[in-house]
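Okay, so here's the structure we're looking at.
2 protein chains.
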Amino acid sequence: MPPGEFELIERYFSRSTPRRDVLLGVGDDAALLEMPPGRVLVAATDTLVEGRHFLPGAPAESVGHQALAVNLSDLAAMGAEPAWALLSLSIPSADEDWVRRFADGLHALAGHHGVALVGGDTVRGPRVITVTALGTVEPGLALRRDGAQPGDVLYVSGSPGEAAAGLERLGSGAPFDLADPLVRRYLYAEPRLALGRALAGRATAAMDVSDGLLGDLGKLCAASGVAARLDLDRLPVSSALAAHGTLADRERWVLYGGDDYELLFTVPAPAAMAFEATLRSSVPVTRIGAIEAGSGVRCLRRGVEERVEGSGYDHFA
Amino acid sequence: MPPGEFELIERYFSRSTPRRDVLLGVGDDAALLEMPPGRVLVAATDTLVEGRHFLPGAPAESVGHQALAVNLSDLAAMGAEPAWALLSLSIPSADEDWVRRFADGLHALAGHHGVALVGGDTVRGPRVITVTALGTVEPGLALRRDGAQPGDVLYVSGSPGEAAAGLERLGSGAPFDLADPLVRRYLYAEPRLALGRALAGRATAAMDVSDGLLGDLGKLCAASGVAARLDLDRLPVSSALAAHGTLADRERWVLYGGDDYELLFTVPAPAAMAFEATLRSSVPVTRIGAIEAGSGVRCLRRGVEERVEGSGYDHFA
Numbered sequence: 291m292p293p294g295e296f297e298l299i300e301r302y303f304s305r306s307t308p309r310r311d312v313l314l315g316v317g318d319d320a321a322l323l324e325m326p327p328g329r330v331l332v333a334a335t336d337t338l339v340e341g342r343h344f345l346p347g348a349p350a351e352s353v354g355h356q357a358l359a360v361n362l363s364d365l366a367a368m369g370a371e372p373a374w375a376l377l378s379l380s381i382p383s384a385d386e387d388w389v390r391r392f393a394d395g396l397h398a399l400a401g402h403h404g405v406a407l408v409g410g411d412t413v414r415g416p417r418v419i420t421v422t423a424l425g426t427v428e429p430g431l432a433l434r435r436d437g438a439q440p441g442d443v444l445y446v447s448g449s450p451g452e453a454a455a456g457l458e459r460l461g462s463g464a465p466f467d468l469a470d471p472l473v474r475r476y477l478y479a480e481p482r483l484a485l486g487r488a489l490a491g492r493a494t495a496a497m498d499v500s501d502g503l504l505g506d507l508g509k510l511c512a513a514s515g516v517a518a519r520l521d522l523d524r525l526p527v528s529s530a531l532a533a534h535g536t537l538a539d540r541e542r543w544v545l546y547g548g549d550d551y552e553l554l555f556t557v558p559a560p561a562a563m564a565f566e567a568t569l570r571s572s573v574p575v576t577r578i579g580a581i582e583a584g585s586g587v588r589c590l591r592r593g594v595e596e597r598v599e600g601s602g603y604d605h606f607a
Numbered sequence: 291m292p293p294g295e296f297e298l299i300e301r302y303f304s305r306s307t308p309r310r311d312v313l314l315g316v317g318d319d320a321a322l323l324e325m326p327p328g329r330v331l332v333a334a335t336d337t338l339v340e341g342r343h344f345l346p347g348a349p350a351e352s353v354g355h356q357a358l359a360v361n362l363s364d365l366a367a368m369g370a371e372p373a374w375a376l377l378s379l380s381i382p383s384a385d386e387d388w389v390r391r392f393a394d395g396l397h398a399l400a401g402h403h404g405v406a407l408v409g410g411d412t413v414r415g416p417r418v419i420t421v422t423a424l425g426t427v428e429p430g431l432a433l434r435r436d437g438a439q440p441g442d443v444l445y446v447s448g449s450p451g452e453a454a455a456g457l458e459r460l461g462s463g464a465p466f467d468l469a470d471p472l473v474r475r476y477l478y479a480e481p482r483l484a485l486g487r488a489l490a491g492r493a494t495a496a497m498d499v500s501d502g503l504l505g506d507l508g509k510l511c512a513a514s515g516v517a518a519r520l521d522l523d524r525l526p527v528s529s530a531l532a533a534h535g536t537l538a539d540r541e542r543w544v545l546y547g548g549d550d551y552e553l554l555f556t557v558p559a560p561a562a563m564a565f566e567a568t569l570r571s572s573v574p575v576t577r578i579g580a581i582e583a584g585s586g587v588r589c590l591r592r593g594v595e596e597r598v599e600g601s602g603y604d605h606f607a
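Those protein sequences? They're chains A and B, same order as listed. The opening residue of the first sequence carries number 291 in the working numbering; numbering runs sequentially from there. The opening residue of the second sequence carries number 291 in the working numbering; numbering runs sequentially from there.
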């Protein structure tokens, strides 16, 4: 007898990171979760569609990783500590091997960040995966998009663009080879949870780069009612990225790529030096511009304004 | 210009039931939600796939209703008060009319129960909808599946089977006619939230009937480590149901149907009379059997055991 829905769920999704605040996990109508006192709940949901958000044939472990990572990145962008996740898995058949490997990828990331999988739904259908991530944050320390002020320094974390370059390599036929750092970055990008926690209470605004740095910066500016100056010369280019493509390629990956889970954030200029000092031993961050009065984003190259096309990834564009 | 993803989301999903505990709703990386002190969080997620959980061509309003209702039913089965919901909507094109009507159906049910839509994701893909519902319950009063005891009275609420009969009518070509009470029941079944609250602290076990009364009763028994006696003569048959099909049809709808959002629950025998008295003015409930020592479900007709086939709906069966 092929495994039924309920057996599948029980077998692969009920082994979860143990947390004392999970009063009731997978297996009942809903999960019961104990909130830490004095904190507010942070909730995000994101969906991956096969052929749109992940490649057909992608290693199932990487799909499990991505389904959770894209949500943990949203929690990171709020300065939250992740706690729990719920999974909705629509798959065309009860392919036990795929489900086992998918669960392995998801559980590995969940375990790394102490996240318990507490509920879910497995249905037959096209391969579409939705995860809801829940976490907590101290009230008043949460990072929003709408607090940027003229004069703030604009930062981006790490190496945006690597995942887009990796995706482009896969799209042109490269194998799913984890020895290729760009392919690996695309398949297993890490959400910036530690940085998000470090920013809580320090950054005036933050968001994760999910639709491309340029478009997301535009959204941050719109939410905050400000403008931004983006210094194209200051965009970080990792050594892995520098080894591939032309300057134009690299800039395209950095400005329009969105699967790195890097954070875009603003810090008041007087606090910027001290803030960078606190981060020295952990994740790299780069000053890439500043917040200004007005609206919109202007891109500068060697101090001269340059017109840059496009505004990021739109699923219906 | 056709509306882009973000405009769609903003336009139809940002008008939501106002709640003071929503510190930040749709539009940032995640929602910020204030928990009432002294309560625990209740979280459920459920997915609808077109052609599997709803019919192609179903009124978009009814799909919006169902996507939330199936989740609120899970909260009802825990005795929880619903508070917030997150929506993931995968649709093949930015069909504005469909999205507007879908949102109308979802918002109407959300408003009726004071639920705020606080986040979501809209992507292009096959029509697959996932809602995560969040609510709260007093610790210790939550309804679980695993507390049924031998001697408990077994109840079901309302009129199970009507939705299954309605679905069968639609499947054989009947129009989506809301004047037909069975079709209406299928499209717009109401989650039993008030009953769930009334059961909190009173029922020893509860679950919603989502995969058929017979199969779900088997799950309740397995979770509680008990057996159940189901009196087939006592199964409630509504007047709408009585007007359609044979006795065998009606029993099939009641035993295997799963879209009514009725609750299946157990109450200690000494408390059963008083419990029924408290409900008199609201939702009808019917005694349909009792919990016994042992395992499995035995069906009795006029006191004689009868073999009944099948064990409920399995998406991969």
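Glycine included, C-beta positions come from ideal geometry on N, C-alpha and C.
- prompt: When DSSP labels each residue in this structure, what does G602(A) get in the three-state scheme?
  reply: Here residue 602(A) corresponds to residue number 312 of the first sequence, with the count starting at 1. With a pLDDT of 46 at G602(A), under the threshold of 50, the modelled position of that residue is not reliable, and no figure is offered here.
message: Cutting at 6 Å between CB atoms, please list the residues of its own chain near F565(A), excluding the five before and the five after it.
response: In the first sequence, the residue the question calls residue 565(A) occupies position 275. Apart from sequence neighbours up to five positions away, the residues of its chain that approach F565(A) with a beta-carbon distance below 6 Å are R492, V557, ordered along the chain.
- prompt: Within the 8 Å Cβ cut-off, does M497(A) reach chain D?
  reply: The displayed structure is made up of protein chains A and B, and chain D is not among them.
query: Of the residues that make up the stretch 305-320 of chain B, which ones have a beta carbon closer than 8 Å to any beta carbon in chain A?
result: For the stretch 305-320 of chain B, residues whose beta-carbon sits nearer than 8 Å to a beta-carbon of chain A comprise L313, L314, G317, D318, D319, A320.
query: Is the CB-CB distance between D411(A) and R435(B) below 8 Å?
result: Working through the first sequence from its first residue, we reach residue 411(A) at position 121. Working through the second sequence from its first residue, we reach residue 435(B) at position 145. For the pair D411(A) and R435(B), the CB atoms are not nearer than the 8 Å cut-off.
query: In terms of residues, what are the limits of the alpha helix (DSSP H) holding R434(A)?
result: As a first step, residue 434(A) must be located in the first sequence, where it is residue number 144. Looking at the DSSP string, R434(A) is not in any alpha helix (DSSP H), and its letter there is neither H nor E.
- prompt: If the cut is a Cβ gap below 9 Å, which residues of chain A does E324(B) touch?
  reply: Indexing the second sequence from 1 puts residue 324(B) at position 34. E324(B) reaches chain A at V330, L331, P429, counting residues in chain order whose Cβ is nearer than 9 Å.
field: Nearest neighbour of L433(B), chosen from R391(B), G328(B), L365(B) [CA to CA]
entry: Within the second sequence, residue 433(B) is the residue found at index 143, counting from 1. Nearest C-alpha to L433(B) among R391(B), G328(B), L365(B): L365(B).
- request: Run the proximity test for S500(B): is its beta-carbon closer than 7 Å to any non-hydrogen atom belonging to the ligand COA?
  value: Because no ligand of any kind appears in the structure shown, any question about the ligand COA cannot be addressed here.
Assigned exposure category for R475(B) - 16 Cβ within 10 Å defines buried: Reading the second sequence from its first residue, position 185 is the one you call residue 475(B). Counting Cβ neighbours within 10 Å, R475(B) comes out buried, since at least 16 surround it.
- prompt: Hey, how far is the Cα of G593(B) from the Cα of D521(B)?
  reply: The residue labelled residue 593(B) in the question sits at position 303 within the second sequence. The residue labelled residue 521(B) in the question sits at position 231 within the second sequence. Approximately 8 Å, taken between the alpha carbons.
message: Restricting to runs no shorter than 4 residues, where is the alpha helix (DSSP H) found entirely within the stretch 538-576 of chain B?
response: Secondary structure within the stretch 538-576 of chain B: the alpha helix (DSSP H) runs of 4 or more consecutive residues, fully enclosed, are 559-569 (chain order).
query: Three or more C-beta pairs closer than 8 Å, one from the stretch 323-339 of chain A and one from the stretch 444-454 of chain A: is that the case here?
result: Taking 8 Å as the limit for Cβ pairs, the verdict is that the stretch 444-454 of chain A does not touch the stretch 323-339 of chain A.
query: When DSSP labels each residue in this structure, what does V418(B) get in the three-state scheme?
result: As a position in the second sequence, residue 418(B) is number 128, starting the count at 1. It is a strand residue.
- prompt: Looking at the unbroken alpha helix (DSSP H) that takes in G508(B), where does it start and where does it end?
  reply: The residue given as residue 508(B) occupies position 218 in the second sequence. For G508(B), the enclosing alpha helix (DSSP H) starts and ends at 503-514.
message: Could you check whether the stretch 436-448 of chain B touches the stretch 539-555 of chain B, counting it as contact only if at least three pairs of C-beta atoms, one from each stretch, sit closer than 8 Å?
response: Contact holds: three or more Cβ-Cβ distances are below 8 Å.
message: Looking only at its chain, what residues have a beta carbon closer than 6 Å to the beta carbon of V339(A), apart from the 5 residues adjacent to it on each side?
response: By 1-based counting over the first sequence, the position of residue 339(A) is 49. Once the five neighbours on either side are set aside, the close Cβ partners of V339(A) are V418.
field: chain B contact for D411(A) (CB, 8 Å cutoff)
entry: One-based indexing of the first sequence puts residue 411(A) at position 121. Chain B, which has a Cβ nearer than 8 Å to the Cβ of D411(A), makes this yes.
Helix, strand or coil at S462(B) [DSSP, three-state]: Your numbering for residue 462(B) matches position 172 in the second sequence. Three-state result, S462(B): coil.
query: Could you give the distance in angstroms between the alpha-carbon of L396(A) and the alpha-carbon of H534(B)?
result: By one-based count along the first sequence, residue 396(A) stands at place 106. By one-based count along the second sequence, residue 534(B) stands at place 244. If I take the Cα positions, the gap works out to 47 Å.
- prompt: If you draw a straight line from the alpha carbon of K509(B) to that of L345(B), how long is it in whole angstroms?
  reply: Translated into the one-based positions of the second sequence, residue 509(B) becomes position 219. Translated into the one-based positions of the second sequence, residue 345(B) becomes position 55. In a straight line, the C-alpha of K509(B) is about 27 Å away from that of L345(B).
- request: Compare the Cα-Cα distances from Y372(B) to each of G461(B), R588(B), L424(B) and report the closest residue.
  value: Working through the second sequence from its first residue, we reach residue 372(B) at position 82. Rather than Tyr, the amino acid found at residue 372(B) in this sequence is Pro. Among G461(B), R588(B), L424(B), the Cα nearest to that of P372(B) is on L424(B).
message: Spatial neighbours of A357(B) within its chain, please: C-beta separation below 6 Å, excluding the five flanking residues on both sides.
response: In the second sequence, residue 357(B) corresponds to position 67, counting from 1. So the qualifying residues of the chain are L338, I419, V421.
- prompt: From this set, A530(B), E458(B), M563(B), L472(B), which residue's C-alpha is nearest V575(B)'s C-alpha?
  reply: Numbered from 1 along the second sequence, position 285 holds the residue referred to as residue 575(B). Closest by alpha carbon: M563(B).
- request: List the residues of chain B that V334(A) touches, going by C-beta distances under 8 Å, in chain order.
  value: Translated into positions along the first sequence, residue 334(A) becomes position 44. Reading the sequence as shown, one finds Ala at residue 334(A) and not Val. Neighbours of A334(A) on chain B, chain order: D319, A320, A321, L376, G409.
message: What are the residues in the stretch 435-458 of chain A lying within 7 Å of chain B by C-beta distance?
response: If the cut-off is 7 Å between Cβ atoms, the stretch 435-458 of chain A has R435 near chain B.
- request: Please decide whether A517(A) counts as near chain B, where near means a Cβ-Cβ distance under 8 Å.
  value: To locate residue 517(A), count along the first sequence from 1; it is residue 227. Closer than 8 Å: no.
C-alpha gap between L468(A) and S529(A), whole angstroms: Here residue 468(A) refers to the residue found at position 178 when the first sequence is read from its first residue. Here residue 529(A) refers to the residue found at position 239 when the first sequence is read from its first residue. One C-alpha to the other measures close to 17 Å.
message: Beta-carbon within less than 6 Å of S500(A)'s beta-carbon, same chain only, minus the 5 sequence neighbours each way: which residues are those?
response: Locating residue 500(A) in the first sequence gives position 210, counting from the first residue. Hits under 6 Å: G548.
Run of the alpha helix (DSSP H) containing Y476(A), from where it starts to where it stops: To locate residue 476(A), count along the first sequence from 1; it is residue 186. Segment 471-477, the alpha helix (DSSP H) holding Y476(A).
- request: Examine chain B for any beta-carbon lying closer than 8 Å to the beta-carbon of D364(A), and answer yes or no.
  value: For the purposes of this step, residue 364(A) is identified with residue 74 of the first sequence, where counting begins at 1. At least one chain B Cβ lies under 8 Å of D364(A).
message: Within the continuous beta strand (DSSP E) that includes A496(A), where are the two ends?
response: Here residue 496(A) refers to the residue found at position 206 of the first sequence. Where A496(A) is concerned, the enclosing beta strand (DSSP E) stretches over 495-498.
- prompt: For L537(A), is the classification buried or exposed, using 16 other Cβ atoms within 10 angstroms of its Cβ as the cut-off for buried?
  reply: Indexing the first sequence from 1 puts residue 537(A) at position 247. The residue in question, L537(A), is exposed, as its Cβ has fewer than 16 Cβ neighbours within 10 Å.
Cβ neighbours of S304(B) in the same chain (closer than 8 Å, five flanking residues each side left out): Position 14 of the second sequence, counted from the first residue, corresponds to residue 304(B). Hits under 8 Å: G315, V316, G317.
- request: In the DSSP assignment, find the unbroken beta strand (DSSP E) run with D336(B) in it and report its ends.
  value: Locating residue 336(B) in the second sequence gives position 46, counting from the first residue. For D336(B), the uninterrupted beta strand (DSSP E) run begins and ends at 330-339, by DSSP.
Chain-ordered neighbours of S380(B) on chain A, where CB pairs are closer than 7 Å: Along the second sequence, one-based indexing puts residue 380(B) at 90. In chain order: T337, V339, V418.
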